[in-house]
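Chemist: If you count by the working numbering, then the sequence shown holds residues 115 to 360, one letter each, in order. Here's a structure for you.
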Amino acid sequence: MYKHFIAIASLYTKGFRIAWHYSEDNFETATVQKFLSQLKKKHGDIKLGVHKIVTDSPEWESVVESDSYFAGIIVTHNKEEFIDLITAEQKLGAIDIAKYILTVSPMSPLKLQKLLYLSYEKFLIKTGEQLFKDPIYAWKHGPVVETVYDFFREYGSQQIPYEEDDSIIINSSDLSVSPSFMRVLTSEHGATTINVIHDVLMKYCDLTAWQLVDLTHEEGKPWFQVYKPGSNKVITDEVILAYAQD
C-alpha cells in the first residue's frame, strides 16, 4: 500500500484547483515538512486543503479512483512549481512569456524578440493592460526587451534549445502541460494571454527573423517613431496605443 500527501489550493478567480501530490515507495515525512516550510516562507499562512490517503498504487489515478473529490484537479509532483503557481493573480515577466513562446516553437533570439514585441502590442491594444512590466527598447534591429536579450544572448543567431518537462497533469488523463503554459494560464488575464500569443504565432511564426525586423521597421510604426541611433529609447504604451488608433 502507498501513502499519498496532497496539498490543494483553489484559484477562485480562475475557477479551478491545483495540487501538489507526493507519493513514494519510501514515503518520507521530512519531504512533506520541507514543502510546508518552503510554502510558508514564500506565501505565509495560505489556505490549503491537506489530505493524506492510502491506495494500492503511487499513481495519481489511484487517488482519483479512491475518491471522486480529487477528479478535475490540476496536479504537479514538483513542489517548487506548485509554490510558484498558487499566486492566482501573479504578474508575468517578459522572460515568462519568452519561455512559453519557445515551448511552442524553437527560434533564434532575434525572432523571439520580434514575436515577444508583437504579442505585447496586440495584448496592450486588446486589453489596455501591459503584458509584462519590462521596458521595450527601440534598438537597431527593432523592438528589444533587454531582460530577455540578456537571458538568451549566449545563443547569438542560433536557435535557442529550450525545453521543459511536461510535469503538470490535467485531470486524471494522460494530458500534461509545460510549467510555462501553466504559469501563463494562471496569471492575471491568463486565457486572454494564451489566445493573444497563439494568434501572433499563427500569423507571424512562419516569417524569418529578418522579415519580422522589416515588419516592425515599417514607416509610422512605433519603432519607426521612436528609434534614434545610440539613444536606447523606450517604446512606450502611449506610442503603441496612438499608432493603433491611427
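Just so you know, even glycine gets a beta-carbon here, dropped at the ideal spot from N, CA and C.
Apart from the five residues on each side of it in sequence, which residues of its chain come closer than 6 Å, Cβ to Cβ, to Gly163?
Modeler: Only Ile122 meet the Cβ criterion.
Chemist: Please state whether DSSP places Pro257 in a helix, a strand or coil.
Modeler: strand
Chemist: Taking the C-alpha atoms as reference points, what is the distance between Thr261 and Lys155?
Modeler: 27 Å
Chemist: Give the secondary structure of Thr300 by DSSP, where H, G and I count as helix, E and B as strand, and everything else as coil.
Modeler: The three-state secondary structure of Thr300, taken from DSSP, is coil.
Chemist: Pop quiz: His157 and Ile200 are said to be a contact at Cβ under 8 Å. What is the actual Cβ separation, rounded to whole angstroms?
Modeler: Sure, about 7 Å apart at Cβ, within 8 Å.
Chemist: Is it buried or exposed, Arg267, if we count other Cβ atoms within 10 angstroms and call 16 or more buried?
Modeler: Result: exposed.
Chemist: Which ranges does the beta strand (DSSP E) cover as unbroken runs of at least 3 residues, wholly within the segment 212 to 242, from first to last along the chain?
Modeler: none
Chemist: Pick from Glu179, His303 and Thr143: whose alpha carbon is nearest that of Gly242?
Modeler: His303
Chemist: Use the C-beta contact count for Ala358: other C-beta atoms within 10 angstroms, 16 or more gives buried, fewer gives exposed.
Modeler: exposed
Chemist: Answer yes if the segment 305 to 317 comes into contact with the segment 205 to 224, meaning at least three C-beta pairs across the two stretches below 8 Å, and no otherwise.
Modeler: yes
Chemist: Between which two residues does the beta strand (DSSP E) containing Ala133 stretch?
Modeler: Phe130 to Tyr136
Chemist: At what residue ranges does the segment 301 to 326 contain a whole run of the beta strand (DSSP E), taking only runs of 3 or more?
Modeler: none
Chemist: Can you tell me which of the three DSSP states Ile209 falls into?
Modeler: helix
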